[in-house]
Amino acid sequence: MSIIDVKDLSVSFRVGKKIIEAVKNVSFHIDEGETFALVGESGAGKSVTALSIMKLLPEWKTLFPSGSIHFRDIDIMDAPEESLRSIRGNGISMIFQEPMTSLNPLHTIEKQVSEGLMLHQQVSSEEARSRVIELLSLVQLTDVENRLSSFPHQLSGGQRQRVMIAMALANNPSLLIADEPTTALDVTIQAEILELLRDLQRKFQMSMLLITHDLFVVRKMSDRVAIMQHGHIVETGHLNEVFDTPKHSYTKYLLASELKDNVATEKDEAAPIVKTEDLSVSFPIYKGVFKKIKGYVNAVKNVSVNIKEGQTVGLVGESGSGKTTFGLALLRLLSSKGKIEFKGQDIQTFQNNEMRPLRREMQIIFQDPFASLNPRLTIAQIIEEGLRVHSIGTSKIDREDMISKSLEEVGLEQDMLTRYPHEFSGGQRQRICIARALILKPKLLILDEPTSALDMSIQTQVLELLRELQKRYNLAYLFISHDLRVVRALSNEILVIKDGEIVEYGPSDKIFANPGHPYTIKLFKAAFDETPIAS
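In numbering that gives the first Met the number 0, the protein residues as written are 0 to 534.
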């Protein structure tokens with residue numbers, strides 16, 4: 000029996016005088032206790048479809064040219080607002096994609112989880128508190144009673160996601176909509192969240208609509224799957240049927256975009272670019288009215304690494320392990336202890352004026368391309384900035400020619416130069432960041448989660464671009480990531496970091512074939528085990 004039945008659904012938006020068609024004649028159903036995955040790239044219409052089921056789209060700009068949505072025997076499209084309010088959070092609940100933006104930063108965790116309980120079940124504050132503790136324990140949040148008074152910013156990404164799940168389950172919904180529930184989480188946290196969702200689905204006998212672009216998650220969780228492209232469902236069926244014998248060209252394209260297990264081989268002997276010995280980074284802990292130093296947090300502990308020309312060293316670990324801190328210290332953007340040698344020079348004691356000429360040769364691409372691009376500058380101005388700082392180019396025409404060539408190298412069109420960052424997709428913005436770094440002709444490029452949260456096909460394109468550019472310019476990469484599938488595809492050597500310490504270091508092919516440290520084994524199991532989680 001179907002719990003939700005969507006037939007011929009079309010959704011359009013008014014944007015000024017234009018009508019944008021976001022979802023076009025979509026039909027699917029979800030059975031009792033089933034996990035149904037809606038799969039596609041960003042902009043395919045997945046989230047719009049989910050929000051339509053709960054009628055959460057803004058009325059003033061949303062049109063429904065056709066279609067019906069039935070939740071059991073209730074027609075969602077024609078239901079009065081009062082009926083919809085009783086369904087939302089009660090019959091149908093949703094876990095949103097980004098918990099930090101979905102949780103109220105001004106309210107405690109207790110208040111936010113209890114809000115739905117008090118609204119739908121009208122329980123007392125004491126009863127609500129007891130239920131909140133029960134729910135947070137159910138989603139395996141640690142130190143629950145002390146967490147009740149915490150605010151969202153005081154929790155990690157995985158903890159915030161658990162709070163979101165607790166809120167969604169507060170009233171025992173029949174259908175749970177999970178919109179990219181594990182995007183940008185560590186592989187181990189992702190595995191825990193997926194296991195948790197499956198356990199809770201069994202416990203509460205829920206149906207689940209899983210929205211994702213991650214085919215790995217789909218394989219682990221789904222019974223049936225629908226592939227969505229440009230607002231249309233192009234293929235639907237049982238998981239094995241669709242993935243083993245795809246019929247539509249777009250389904251084949253998505254499956255072909257998955258990163259393959261082609262471990263990069265060790266490079267021949269090459270000149271070292273950067274070398275560290277016993278590099279350590281500590282942050283002081285201030286306490287009291289006068290903010291006296293009471294201790295230190297040791298973020299990076301005695302890390303030694305050697306990166307050569309044309310080589311990619313992958314730095315792998317969970318959030319908070321010290322990956323980005325090490326990268327920033329390597330560039331002398333954070334104070335550190337130990338030796339840093341760049342092209343044979345010990346740069347640890349260099350002053351700012353001595354470091355400035357070297358900045359051209361040491362570049363970084365940050366995790367979030369949108370946050371690292373100035374929204375007030377055009378793409379031409381953003382790429383030109385480094386040229387101006389380092390006095391590269393004899394004239395403006397000379398610099399414009401260099402900018403055009405740099406844009407061409409990363410696969411972008413010349414007419415994009417006058418546009419602003421918000422006018423680009425995530426993959427295009429990442430290419431702009433790469434162009435900005437490469438125009439200075441660096442020797443070392445630090446890549447800090449450069450493909451995090453990108454669609455799989457875009458991720459593959461960015462990695463192919465990085466491979467091509469490395470080969471062309473003999474670049475040295477420090478590739479920082481928690482995604483082992485990405486690291487496996489690109490790295491010659493791998494460092495596994497835990498709590499600021501390197502627990503394993505060596506050639507990628509050897510470590511991936513035979514990991515030695517228990518922490519590495521744990522990471523690999525979470526990243527590569529595609530065994531479906533039993534329902």
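The beta-carbon is built from N, C-alpha and C at its ideal position, and this holds for glycine as well.
N- and C-terminal bounds of the alpha helix (DSSP H) containing residue i
| i | result |
| --- | --- |
| Thr100 | 98 to 101 |
| Arg197 | 186 to 203 |
| Glu537 | With the chain represented from 0 up to 534, any question about residue 537 goes unanswered, as that position is not in the structure. |
| Thr250 | 248 to 255 |
| Lys509 | 507 to 512 |
| Lys54 | Careful: Lys54 lies outside any alpha helix (DSSP H) and carries neither H nor E. |
| Phe349 | Run containing Phe349: none; DSSP gives neither H nor E here. |
| Lys322 | 322 to 329 |
| Thr211 | No alpha helix (DSSP H) contains Thr211, which is instead part of the beta strand (DSSP E) from 206 to 211. |
| Ser136 | 124 to 137 |
| Glu360 | From DSSP, Glu360 is part of no alpha helix (DSSP H); its letter is neither H nor E. |
| Leu376 | No alpha helix (DSSP H) holds Leu376; DSSP gives it neither H nor E. |
| Leu168 | 156 to 168 |
| Leu494 | Looking at the DSSP string, Leu494 is not in any alpha helix (DSSP H); the run it does join, the beta strand (DSSP E), is 492 to 497. |
| Leu214 | 214 to 220 |
Beta-carbon proximity check, residue i vs residue j, cutoff 8 Å
| i | j | result |
| --- | --- | --- |
| Ala43 | Met227 | yes |
| Asp447 | Ile363 | yes |
| His481 | Glu317 | yes |
| Val461 | Gly426 | yes |
| Leu522 | Val186 | yes |
| Arg428 | Pro441 | no |
| Ile445 | Leu329 | yes |
| His237 | Asn170 | no |
| Val288 | Thr324 | no |
| Leu253 | Thr34 | no |
| Ile382 | Ala434 | yes |
| Ile29 | Leu175 | no |
| Met0 | Glu31 | yes |
| Gly313 | Ser507 | yes |
| Ile188 | Gly157 | yes |
| Arg197 | Pro98 | no |
| Leu258 | Val485 | yes |
| Leu437 | Ser405 | yes |
| Val38 | His212 | yes |
| Ser335 | Asn301 | no |
| Val224 | Tyr249 | no |
| Ser51 | Asp7 | no |
| Ile604 | Leu416 | Residue 604 cannot be examined here, being either before or after the span of the chain that is shown, 0 to 534. |
| Lys23 | Gly326 | no |
| Ala526 | Leu483 | yes |
| Ala165 | Leu135 | yes |
Environment of residue i [buried if 16+ CB atoms lie within 10 Å]
| i | result |
| --- | --- |
| Val100 | A quick correction: the sequence has Thr, not Val, at residue 100. Burial call: exposed. |
| Pro283 | exposed |
| Met205 | buried |
| Leu55 | exposed |
| Met76 | exposed |
| Tyr285 | exposed |
| Gly90 | buried |
| Asn373 | exposed |
| Ala167 | buried |
| Gln105 | The sequence as given places Leu at residue 105; Gln does not occur at that position. Exposed: under 16 other Cβ atoms inside 10 Å. |
| Ser113 | buried |
| Ile18 | exposed |
Limits of the beta strand (DSSP E) - the one that residue i falls within
| i | result |
| --- | --- |
| Ala225 | 223 to 228 |
| Val315 | 311 to 315 |
| Phe63 | 61 to 70 |
| Glu144 | Segment 143 to 146 is the alpha helix (DSSP H) holding Glu144; no beta strand (DSSP E) there. |
| Thr235 | 231 to 237 |
| Ala525 | Where Ala525 is concerned, there is no enclosing beta strand (DSSP E), although the alpha helix (DSSP H) it sits in stretches over 517 to 527. |
| Lys300 | 291 to 307 |
| Glu276 | 271 to 286 |
| Phe341 | 336 to 341 |
| Leu175 | 174 to 178 |
Any non-hydrogen atom of the ligand COA closer than 7 Å to residue i Cβ
| i | result |
| --- | --- |
| Asn24 | The ligand COA is not part of the structure shown, which contains no ligands of any sort. |
**OP:** Starting from the N-terminal side, write out each stretch of the beta strand (DSSP E) that is 3 residues or longer and does not extend beyond the segment 13 to 49.
**Re:** 17 to 30, 34 to 38
**OP:** At 4 residues or longer, and completely inside the segment 76 to 119: list those alpha helix (DSSP H) runs for me, N to C.
**Re:** 80 to 86, 98 to 101, 108 to 119
**OP:** Check whether the segment 267 to 279 touches the segment 329 to 344, taking contact to mean three or more Cβ pairs, one atom from each stretch, closer than 8 Å.
**Re:** yes
Original post:
Is it a yes or a no for the segment 135 to 145 touching the segment 93 to 104, going by three-plus beta-carbon pairs under 8 Å?
Top reply: no
Original post:
Do three or more CB pairs link the segment 71 to 80 to the segment 241 to 255 at distances below 8 Å?
Top reply: no
**OP:** At 3 residues or longer, and completely inside the segment 411 to 484: list those beta strand (DSSP E) runs for me, N to C.
**Re:** 443 to 447, 475 to 480
Original post:
Touching or not, the segment 47 to 63 and the segment 5 to 13, by the rule of three or more beta carbon pairs under 8 Å?
Top reply: yes
Original post:
Touching or not, the segment 189 to 199 and the segment 215 to 235, by the rule of three or more beta carbon pairs under 8 Å?
Top reply: yes
**OP:** Answer yes if the segment 457 to 473 comes into contact with the segment 500 to 509, meaning at least three C-beta pairs across the two stretches below 8 Å, and no otherwise.
**Re:** no
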